[in-house]
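This report refers to the structure that appears directly beneath it.
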Amino acid sequence: MTAGLWMLRRVAREVARAPSGLIVRVVGFAMCMGFLLAGRALVATADASLAPLLGRAQLVVSCRDEVSAARAADVARDLLTWRRVRRATVVSGDEGLRQLRALSAGWPEGATALASVEPAWLPTAIEVQLEESAQSTADLIAASARLRALPEVAAVDIVGAPWGELGAVASSLRRIGRALSVSAAIGAFVTLALLLGVGATARRQAAAAWRAVGGTRAGAVAPSLLLGALIGAVGTVSGAAALIALRSVSEIGLGALPSRELAIAVGAAALLGGLCGAASVWRAGRACVPG
Amino acid sequence: MPNTPPPPLPDAARRPAFVLRLDAVTVARHGATVLEGATLSLRAGEALVVDGAPGAGTSTLLAVCACALRPQTGTVIIGDKVVAELQASAWPLLRRSIGYATDADPAWAQLCDDETARENVAWGAAVTRRPVRAAVHAAERMLERLGASGVAQRRVGTLAPRERRTVGVARALVSGAALLVLDEPVDAFDERAAEKLSVVLAEARAAGAAVLCASRSATLLRGLEGAERVRLEDGRVRGTAPRLTLVPPVLRAVAPPLRTDADADEELQSADLLEEETA
Chain A
1 MTAGLWMLRR
11 VAREVARAPS
21 GLIVRVVGFA
31 MCMGFLLAGR
41 ALVATADASL
51 APLLGRAQLV
61 VSCRDEVSAA
71 RAADVARDLL
81 TWRRVRRATV
91 VSGDEGLRQL
101 RALSAGWPEG
111 ATALASVEPA
121 WLPTAIEVQL
131 EESAQSTADL
141 IAASARLRAL
151 PEVAAVDIVG
161 APWGELGAVA
171 SSLRRIGRAL
181 SVSAAIGAFV
191 TLALLLGVGA
201 TARRQAAAAW
211 RAVGGTRAGA
221 VAPSLLLGAL
231 IGAVGTVSGA
241 AALIALRSVS
251 EIGLGALPSR
261 ELAIAVGAAA
271 LLGGLCGAAS
281 VWRAGRACVP
291 G
Chain B
1001 MPNTPPPPLP
1011 DAARRPAFVL
1021 RLDAVTVARH
1031 GATVLEGATL
1041 SLRAGEALVV
1051 DGAPGAGTST
1061 LLAVCACALR
1071 PQTGTVIIGD
1081 KVVAELQASA
1091 WPLLRRSIGY
1101 ATDADPAWAQ
1111 LCDDETAREN
1121 VAWGAAVTRR
1131 PVRAAVHAAE
1141 RMLERLGASG
1151 VAQRRVGTLA
1161 PRERRTVGVA
1171 RALVSGAALL
1181 VLDEPVDAFD
1191 ERAAEKLSVV
1201 LAEARAAGAA
1211 VLCASRSATL
1221 LRGLEGAERV
1231 RLEDGRVRGT
1241 APRLTLVPPV
1251 LRAVAPPLRT
1261 DADADEELQS
1271 ADLLEEETA
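In the order they appear, the protein sequences are chains A and B. The numbering used here puts the first residue of the first sequence at 1, with every later residue one more than the last. The numbering used here puts the first residue of the second sequence at 1001, with every later residue one more than the last.
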């Protein structure tokens, strides 16, 4: 109890001693975490909000006539090992024809035309679905070209691609979000480095003085750890609050950030801040313990 | 049955325990030997004044006694603990039993420049698990007793060297340590400060603290009643004091490496017997 009160007193005194340094660190952390969360929110917006409108692109790979169903299944298995391929399903000619007939049920002319088609008329096909991060036009075209190069493949069709202006907006949002996240991560790294440096000399001196009179290492490190954790948590919450305030003002659609991710971000920032604070004074006062 | 008084205790039982023992301690810095073969011991309530010209190794000897400096050879025992054998976890407790104030090396003084004088002194009391309010009050009281109440609220980094030294002394004294090691605690000509410190040191000794002090203040030295003196020259202990078991380096080769309580008591008893026989 007494030790805890002393620790709180030392934290309070450190805050009172250099409030400007503390504000700089909190604001720096808040900006970084705000940008990080904004970037994540943009990506989440692009993925979650726009995906239902855009649909999900799919590559329909038509195999050559001589390719058997077993061989097509081998190719599909091989495709699953490709990077960014989420699903590869073999559709036999009969199944394809059945699907076509089902689709043309409300179209009498089409149904009549398909009625006379032989069961083996359609070749075996493979439906390939890419990951959500590979839904851009460039990604789809690149995958299509690569598939076409396979000897078993006769043709590749892109179905349900997010062509048009909406798709471009979604891609831009993803790109901006990623850029924001990367720059925020760099900013967070720099802030952490500053956190280690700002006021470290004074903190080390205080820790050494504490150990010189018989204080334990835990007692010497605890105030810096607590202060670092507070800076991390308060900085992240401030960044999130700024983000929410911006959203309510501009309605730019940054509301897709899940509260669970926000909680994880606050916890992680507190942990990182605390570790940085503790690391900055960990070796202080070694002269007091020559052993 | 008559109520007979208990027999008087033998001298060994009446003598206080050793607080500090040094045996053949040698310290070398930057290739030069600054302290050679220092051997001394100090019991609870005793005082020892270390004298020496600048560069004689006085501060080094005191730093070794305060466990701020590790000797290259020799043994340092604080209470019943051999310092070289201590685990890291035992150091905080050891530190609490030593009140150390020095001006010789800032790394040994370990004051926090960004904190107030009062807070620095209060930390000395805080580690003994004293509540915040009591520790702060004790710090204020100690600064006041040493005539430094005016600097209590000022940051140590802004203090003059003399004031800074007083803060260090107050911190050493406030914790009620069993061993007080004071390296030039007052200015040589600051008689008022020396008088105030003398009073506090006398109280500490009466409470059982052992005092090891290096000072050029005649007033302070007069105030350390009954203190033994030892002189250092070129890192060697030159003066001896019979009651303090100081062994000059030249005799150390034939002397036992470190005398225990029992050894010292035996010698005292032998000396008493010899005196009686002579009489």
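Here a beta-carbon is modelled for each residue, glycine too, at the ideal position from N, C-alpha and C.
With Leu194(A) and Gly28(A) assumed to form a contact (beta carbons below 8 angstroms), what rounded beta-carbon distance in angstroms separates them? Rounded, the Cβ-Cβ distance is 7 angstroms, consistent with contact.
Whole-angstrom distance between Arg1216(B) and Glu1184(B), CA atom to CA atom: Roughly 7 angstroms between the two C-alpha positions.
Drop a sphere of 10 angstroms on the beta-carbon of Asp65(A), count the other beta-carbons inside from all chains shown, and report buried for 16 or more, exposed for fewer. Under this definition Asp65(A) is an exposed residue.
Cα-Cα separation, Asp74(A) to Thr191(A): Taking the straight line from one Cα to the other gives about 51 angstroms.
Quick check on this structure: which residue in Gly214(A), Ala220(A), Gly219(A) and Ala268(A) has the alpha carbon closest to the alpha carbon of Val237(A)? The residue with the shortest Cα to Cα distance from Val237(A) is Ala268(A).
Helix, strand or coil for Gly1079(B) per DSSP? It is coil, neither helix nor strand.
Uninterrupted beta strand (DSSP E) stretches inside the segment 1173 to 1225 of chain B (no shorter than 3 residues): List check, beta strand (DSSP E) in window: 1179 to 1183 and 1210 to 1214.
For Ala155(A): DSSP bridge partner residues: Answer is Ser62(A).
Leaving out five residues before and five after Arg1238(B) in sequence, what residues of the same chain have Cβ atoms less than 6 angstroms from its Cβ? A distance below 6 angstroms between beta-carbons, with the five flanking residues on each side excluded, links Arg1238(B) to the following residues of its chain, in chain order: Arg1231.
So what does Val1132(B) bridge to, in DSSP terms? According to DSSP, Val1132(B) bridges with nothing at all.
Coarse secondary structure for Asp1051(B), derived from DSSP in three states: Looking at Asp1051(B) - three-state DSSP - the assignment turns out to be strand.
So with Cβ pairs under 8 angstroms, would you call Pro1092(B) a contact of chain A? Answer yes: the Cβ-Cβ gap between Pro1092(B) and chain A drops below 8 angstroms somewhere.
Is it buried or exposed for Arg283(A), if we count other Cβ within 10 angstroms and need 16 for buried? Burial call: exposed.
For Val1083(B), I'd like the list of residues in its chain whose CB is within less than 6 angstroms of its CB, leaving aside the five on either flank, ordered along the chain. Result list for Val1083(B): Cys1067 and Val1076, in chain order.
Where Thr1058(B) sits in the DSSP three-state scheme: In the structure shown, Thr1058(B) sits in a helix (DSSP, three-state: H, G or I).
Test: Glu1119(B) CB closer than 8 angstroms to a CB of chain A: At least one chain A Cβ lies under 8 angstroms of Glu1119(B).
Return yes when at least one heavy atom of the ligand NAD lies under 7 angstroms from the C-beta of Phe29(A), else no. Absence of the ligand NAD is noted for the structure shown, with no ligands found whatsoever.
For Ala69(A), which residues from the same chain have a beta carbon less than 8 angstroms from its beta carbon, with the 5 sequence-adjacent residues on both sides left out? Same-chain partners within the cutoff: Val90, Ser92 and Thr124.
For Glu1036(B), name the three-state secondary structure that DSSP assigns. Glu1036(B) falls in the strand class under three-state DSSP.
Mind pulling the chain B residues with CB within less than 7 angstroms of Val213(A)? Val213(A) reaches chain B at Arg1095, Trp1123, Gly1124, Val1127, Arg1171 and Ser1175, counting residues in chain order whose Cβ is nearer than 7 angstroms.
In the DSSP assignment, find the unbroken alpha helix (DSSP H) run with Gly277(A) in it and report its ends. Segment Ser259 to Val281, the alpha helix (DSSP H) holding Gly277(A).
Using 8 angstroms as the threshold, is the segment 37 to 45 of chain A in touch with the segment 175 to 183 of chain A, meaning 3 or more CB pairs across them? Look at the beta carbons and you see the segment 37 to 45 of chain A touching the segment 175 to 183 of chain A: at least three pairs across the two are nearer than 8 angstroms.
Asp1114(B) versus Ser1097(B): straight-line alpha-carbon distance, rounded: Spanning the two alpha carbons is a distance of roughly 25 angstroms.
Using the C-alpha atoms, what's the distance from Gly1226(B) back to Trp305(A)? Because chain A in this structure spans residues 1 to 291, residue 305(A) falls outside the shown range and cannot be described.
May I have a chain-ordered list of the alpha helix (DSSP H) segments no shorter than 4 residues that lie completely inside the segment 79 to 114 of chain A? Fully enclosed alpha helix (DSSP H) runs of 4 or longer: 93 to 103.
Report back the beta-carbon spacing between Val1034(B) and Val1027(B) to the nearest angstrom; my notes put them in contact at under 8 angstroms. Between Val1034(B) and Val1027(B) a beta carbon distance of about 5 angstroms is seen, short of the 8 angstroms cut, so the two are scored as contacting.
Cα-Cα separation, Ala1178(B) to Ala265(A): Going from the Cα of Ala1178(B) to the Cα of Ala265(A) covers about 50 angstroms.
Using Cβ-Cβ distances below 7 angstroms, what residues of the segment 14 to 31 of chain A are close to chain B? If the cut-off is 7 angstroms between Cβ atoms, the segment 14 to 31 of chain A has Arg17 near chain B.
Does the segment 1038 to 1050 of chain B come into contact with the segment 1196 to 1214 of chain B, if we say contact requires no fewer than three beta-carbon pairs (one atom in each stretch) closer than 8 angstroms? Below 8 angstroms, enough C-beta pairs join the segment 1038 to 1050 of chain B and the segment 1196 to 1214 of chain B to call them touching: three or more.
Could you confirm whether any beta carbon from chain B is found closer than 8 angstroms to the beta carbon of Thr292(A)? Only positions 1 to 291 of chain A appear in the structure, and residue 292(A) is not among them; the question remains open.
Short Cβ contact (8 angstroms threshold) for Ala1170(B) with Leu1182(B): Contact: no.
So Leu79(A) and Leu100(A) are supposed to be a Cβ contact under 8 angstroms. How far apart are they, rounded? Between Leu79(A) and Leu100(A) a beta carbon distance of about 23 angstroms is seen, past the 8 angstroms cut, so the two are scored as non-contacting.
If you check the beta carbons only, do Arg1154(B) and Ala1117(B) fall under 8 angstroms apart? In this structure, Ala1117(B) lies closer than 8 angstroms to Arg1154(B) by Cβ.
Got a sec? Which residues, its chain only, sit under 6 angstroms from Cys32(A) by beta carbon, not counting five neighbours each side? If we look at Cys32(A) and ignore the five residues flanking it on each side, its Cβ neighbours are Ala184, Gly187, Ala188 and Thr191.
DSSP-derived helix/strand/coil call for Leu1094(B): Helix.
Could you tell me which residues DSSP pairs with Thr1073(B) in its beta bridges? Its beta-bridge partners are Thr1026(B).
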